[in-house]
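In order, the protein sequences belong to chains A and B. Our numbering applies: residue 28 is where the first sequence begins, and numbers increase by one. Our numbering applies: residue 8 is where the second sequence begins, and numbers increase by one. All C-beta atoms in this analysis are idealised placements derived from N, C-alpha and C, irrespective of residue type, glycine included. Data first, discussion second: the structure below is written as structure tokens.
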Amino acid sequence: MTETTATLPETRLTFPRKYVPVAVTAGLFVAMLVAGGIRYEGFASGQVVLNVFVDNAFLLVVAVGMTFVIVAGGIDLSVGAVVALSTMISASLLADPGLPAPLVIALVLAAGSLLGLGMGAVIHYFEIQPFIVTLAGMFLARGLCYVIGTESIPITDGTFTAVADARIELGAGMWISPSVVIAAVVVLVAGYVLHYTRLGRAVYAVGGDRQSALLMGLPVARTTIAVYTISGLCSALGGLLMSFYMLSGYGLNAVGMELDAIAAVVIGGALLTGGSGYLVGTVLGVLVLGLTQTILSFEGTLSPWWTSIFIGLLLFVFIVLQRFIGVRRTRGGAPVATAA
Amino acid sequence: MAEPAPIVRMSGIGKRFPGVKALDGVDFRLLPGEVHALMGENGAGKSTLIKVLTGVYEVDEGRVELAGRPVAFSGPLAAQRAGISTVYQEVNLCGNLSVAENIYIGREPRRFGRIQWSKMRRGAKALMDRLELDVDVSAPLASCSLAVQQMVAIARAVGVEAKVLVLDEPTSSLDAGEVAQLFRVMRRLKEEGIAILFVSHFLDQVYEVSDRMTILRDGRLVGEYLTRELPQVDLVAKMIGRELAALEKLEGRPLARVAEPLIETRDLGRPGGIAPFSLTIRRGEVFGLAGLLGSGRTEIARLLFGADLAGGGSVQMGGKPVTLRSPRAAMARKIAFCSENRRAEGLVDELTVRENIVLALQASRGWSRPVPRRRQDELVAKYIAALNIRPGDPDQPVGTLSGGNQQKVLLARWLIMEPRLLILDEPTRGVDVGAKAEIQRLVAELSDGGMAVLFVSAELEEVLRLSHRVGVVRDRELVAQLDNDEALTTDALMNKIASGVPS
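Put into structure tokens, the structure is as follows:
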């Protein structure tokens with residue numbers, strides 16, 4: 028049919044297929060909003076949507092890091108543990124030696140980046156599957172939490188509590204937390220990096236076909252290590268945002284958050300095989316996850332694990348959708364070279 | 008006319024791999040503004056020479072000079088920076104990125120670190136125009152045809168200010184029109200003064216496009232010739248180092264008609280794959296299947312191997328009805344299938360020759376009963392000798408062998424199963440003349456030994472030379488079964504394939 032060549036002028040007029048997954052997620056988000064608004068009293072207010080951001084700012088930041096890793100064809104299972112570790116480091120350093128908040132923040136961000144850098148280096152230079160390396164990183168970070176302490180440590184530092192209590196009024200009674208602003212900045216910067224810098228494009232190339240990227244002379248080593256470092260940095264920042272949100276550090280924080288982050292990225296349309304995906308999609312993925320929880324809380328009578336069931340079903344649908352799109356793409360043109 | 012100074016001069020190149028001397032004292036030069044074909048059989052050292060030139064391998068002996076200066080590249084990237092770009096048979100680009108990105112990635116136009124997409128697309132468009140290609144540069148590469156992908160690879164290579172362009176078998180997956188397009192691009196680049204090193208197995212193409220050729224054999228230099236001064240027959244003789252008599256010897260074999268049927272099908276078919284057909288293959292018979300690509304040849308082969316499930320009909324072996332439900336069932340009945348796609352469906356590159364050969368035998372015995380090492384060694388040694396696999400080192404990883412020798416390893420794997428019916432799907436595709444003759448001779452010997460062979464090939468001459476009977480497949484239907492006697496010629500076969508009416 029129309030799938031003969033990409034040179035036909037009319038293909039410019041049609042909706043590019045690469046945006047289909049993102050569009051589907053966006054449609055789903057809008058549909059959920061509309062359905063919620065019809066069904067529940069008071070759902071269709073701006074604050075409900077904003078609360079999704081407020082409650083999921085840390086997940087959003089973590090998912091941004093995960094987007095880099097997944098687009099580059101990898102996976103990072105350590106993010107949840109790194110988030111927990113970051114809350115623990117912040118809480119303990121603020122409590123016991125009583126270090127100043129800016130120094131603590133810098134230390135936490137450095138620790139997360141360093142861990143990511145180390146995992147990236149191991150993955151690249153020892154040619155070990157990212158799954159295993161980051162699984163090890165996950166155990167390591169989680170273990171370090173318990174070395175610091177097995178109990179929850181409250182945060183009483185002035186800066187942290189000020190950030191936690193701050194509300195940025197948007198007028199008409201709507202507000203967001205500073206964490207949302209930070210997350211928004213992270214999304215914008217990451218979007219710029221992915222689309223407008225050589226590093227970002229190398230991430231797509233490495234995820235698309237690692238061997239080819241190498242033969243095209245791209246800095247594969249640097250890119251691989253960079254994405255895990257970025258993911259580590261984002262996890263640490265996510266941990267800080269979580270500290271603002273919870274005002275405590277605890278080794279059992281963010282259990283399973285790596286899976287939420289992966290789910291958000293996949294629902295946002297990225298392929299787990301790498302090479303495709305957009306940051307906009309990830310944002311929408313996080314919003315869909317958050318809105319699911321909101322709807323279930325509005326429902327009231329349903330138990331919270333319906334969230335899991337719904338997210339599980341969503342994931343199935345999206346994986347099948349991508350499979351369908353992938354198959355059509357392969358049939359439409361020349362065979363797509365698969366990554367080694 | 009005076010020859011310009013060579014842009015590349017390689018002298019006394021030697022390269023040794025464990026157990027083999029891949030290159031031995033090879034001299035090679037490349038002049039600017041010429042298409043220079045590098046000729047030789049599989050395993051003659053062409054790929055090794057290219058890899059030495061582009062810095063994939065280090066040289067053991069000899070020196071490489073680029074524009075008069077000695078160079079030693081640390082890798083393809085370093086070679087590319089110096090102006091030597093390579094386009095491989097497999098397109099090494101990223102299908103998920105756009106055409107423009109594939110041309111520019113790694114050296115995108117930037118301002119303050121920000122990639123300038125519009126400038127990049129304009130540049131890519133200009134480059135594609137220069138190669139006379141009409142392509143939407145913002146479309147993902149995977150949506151383009153293989154030929155266009157190849158051109159994009161060339162555009163990328165040329166865009167890096169290439170002085171030397173190495174094309175390693177660029178035409179093997181292109182059709183005639185695409186090849187013509189590629190050649191037009193090559194001539195255009197040649198006029199711009201770029202030196203092109205061209206490797207191809209298609210002799211006609213080499214004669215069409217190249218100005219000069221260097222012939223290698225067994226890692227040694229045979230000589231450098233002007234293409235117009237070297238007749239094709241001489242070229243082949245120089246490449247294989249002997250006359251083509253081996254090919255002729257096979258002809259005039261008697262028909263093996265008296266033997267009992269080995270496998271009979273009755274109205275076997277598969278909706279959407281192949282119309283029901285009835286076919287009898289006898290012991291010791293070579294049954295050739297001729298037809299165009301996609302006509303249903305492979306579908307017949309796959310049905311007989313149980314790789315696809317039949318939609319109807321029956322199969323008898325030795326007079327008893329059997330069902331070939333899966334390849335495993337077919338293998339249990341001693342049917343072997345050697346597919347055309349040796350890379351994707353057969354060999355494990357990282358394993359050694361020995362491991363690859365015993366793979367199927369081991370699988371049939373189950374993992375609890377390993378094949379004794381001594382028996383492995385015996386079998387492998389026997390088939391390396393019988394098939395003349397080079398290099399004959401059983402512990403060499405298969406990935407390092409040339410295409411023709413890989414094909415032989417795959418063949419050996421099935422032969423140690425001692426099949427009664429051997430299905431060969433395009434066994435000689437992408438294989439050079441010498442190896443082709445060896446594989447053909449082997450097929451003949453096997454059938455003389457009582458094995459039935461179903462031989463699928465796109466080359467009619469080959470089908471006619473080897474087969475006792477020929478089946479013609481057209482539009483997913485077995486339209487004719489012909490005895491291969493004096494009356495059957497390639498022309499007659501061609502007509503049959505084209506129209507179904509014998510002329």
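What did DSSP end up calling serine 43 of chain B once you bin it into helix, strand or coil? Before going on, a small fix: residue 43 of chain B reads as histidine here, not serine. Strand, per DSSP.
Measure the C-alpha to C-alpha separation of glycine 198 of chain A and alanine 71 of chain A and round it to an integer number of angstroms. 17 Å
Members of the stretch 237–249 of chain A near chain B, C-beta cut-off 9 Å: Gln238, Ser239, Ala240, Leu241, Leu242, Met243, Gly244, Leu245 and Pro246
Contact the stretch 19–29 of chain B vs the stretch 45–65 of chain B: 3+ CB pairs below 8 Å: yes
Please state the DSSP three-state secondary structure of isoleucine 155 of chain A. coil
Per DSSP, what are the beta-bridge partners of isoleucine 110 of chain B in this structure? DSSP, once it has assigned bridges, lists no residue as partnering isoleucine 110 of chain B.
Establish whether the CB of alanine 295 of chain B and some CB of chain A are separated by less than 8 Å. Looking at the sequence itself, residue 295 of chain B is glycine, so the reference to alanine does not match. With 8 Å as the cut-off, glycine 295 of chain B does not count as an interface residue toward chain A.
Please list the residues of the stretch 407–439 of chain B that have a C-beta atom closer than 9 Å to any C-beta atom in chain A, keeping them in chain order. none
Confirm, please, whether the CB-CB distance from alanine 51 of chain B to aspartate 225 of chain B is below 8 Å. yes
Taking the C-alpha atoms as reference points, what is the distance between leucine 254 of chain B and alanine 451 of chain B? Note on leucine 254 of chain B: pLDDT 49, under 50, position unreliable in the model; the coordinate value appears next. Answer to the nearest angstrom: the Cα atoms are 11 Å apart.
Assign glutamate 10 of chain B to buried or exposed, taking buried as 16 or more other Cβ atoms, counted over all protein chains shown, within 10 Å of its Cβ. exposed
Can you tell me the Cα-Cα spacing of valine 315 of chain A and arginine 163 of chain B, whole angstroms? 41 Å
Exposure of glycine 259 of chain B, with buried meaning 16 or more beta-carbon neighbours within 10 Å: Annotation note: pLDDT 48 at glycine 259 of chain B (below 50); position unreliable, no value reported.
Quick one: does tyrosine 231 of chain A have its CB under 8 Å from some CB of chain B? yes
Cβ atoms of glycine 478 of chain B and leucine 286 of chain B: under 8 Å apart, would you say? yes
Does the distance from the C-beta atom of isoleucine 288 of chain B to that of leucine 428 of chain B stay below 8 Å? yes
Exposed unless 16 or more other CB atoms sit within 10 angstroms - verdict on serine 375 of chain B: exposed
Do valine 214 of chain A and leucine 306 of chain A have their C-beta atoms closer together than 8 Å? yes
Kindly indicate which residue of A:Ser270, A:Ile150 and A:Gly276 has the alpha-carbon position closest to the one of tyrosine 18 of chain A. Not covered by the structure: residue 18 of chain A. The range shown for chain A is 28 to 367.
With 16 other CB atoms within 10 Å as the buried threshold, where does glutamate 139 of chain B fall? exposed
Under the assumption that glycine 280 of chain B contacts arginine 129 of chain B (Cβ atoms under 8 Å), give the Cβ distance between them as a whole number of angstroms. 47 Å between Cβ atoms; not a contact.
Contacting residues, own chain, Cβ-Cβ under 8 Å from alanine 84 of chain A (five flanking each side not counted): Ser204, Ser206, Val207, Ile209, Ala210, Leu268 and Tyr272
Check whether chain A comes within 8 Å of arginine 483 of chain B, counting only Cβ atoms and requiring the distance to be less than that. no
For the alpha helix (DSSP H) holding tryptophan 202 of chain A, just list the boundary residues, first then last. Tryptophan 202 of chain A -> not in any alpha helix (DSSP H); beta strand (DSSP E) instead, spanning 201–203.
Simplified DSSP assignment, three categories, for isoleucine 423 of chain B: coil
Between B:Glu41, B:Gly32, B:Met246 and B:Lys28, which lies nearest to isoleucine 14 of chain B when the distance is taken from Cα to Cα? B:Glu41
Between isoleucine 446 of chain B and chain A, is any beta-carbon pair separated by less than 8 Å? no
Could you name the residues of the stretch 107–134 of chain B whose beta carbon sits closer than 7 Å to any beta carbon of chain A, in the order they occur along the chain? Glu108, Ile112, Gly113, Glu115, Gly120, Arg121 and Ile122
Cutting at 6 Å between CB atoms, please list the residues of its own chain near threonine 511 of chain B, excluding the five before and the five after it. With chain B represented from 8 up to 510, any question about residue 511 of chain B goes unanswered, as that position is not in the structure.
Please classify glycine 200 of chain B: does DSSP put it in a helix, a strand, or coil? coil
Beta carbon of valine 463 of chain B, beta carbon of arginine 304 of chain B: below 8 Å? yes
Consider the Cβ of asparagine 99 of chain B: report whether some Cβ of chain A lies at a distance smaller than 8 Å. yes
So with Cβ pairs under 8 Å, would you call proline 177 of chain B a contact of chain A? no
Excluding the 5 residues flanking glycine 296 of chain A on each side, which residues of the same chain have their C-beta closer than 7 Å to its C-beta? Pro48, Val49, Thr52, Gly304, Tyr305 and Gly308
Find the residues of chain A that neighbour glutamine 87 of chain B, judging by a C-beta separation of less than 7 Å, and give them in chain order. Gly244
Between phenylalanine 187 of chain A and serine 275 of chain A, what straight-line distance do the alpha-carbon atoms span, to the nearest angstrom? 10 Å
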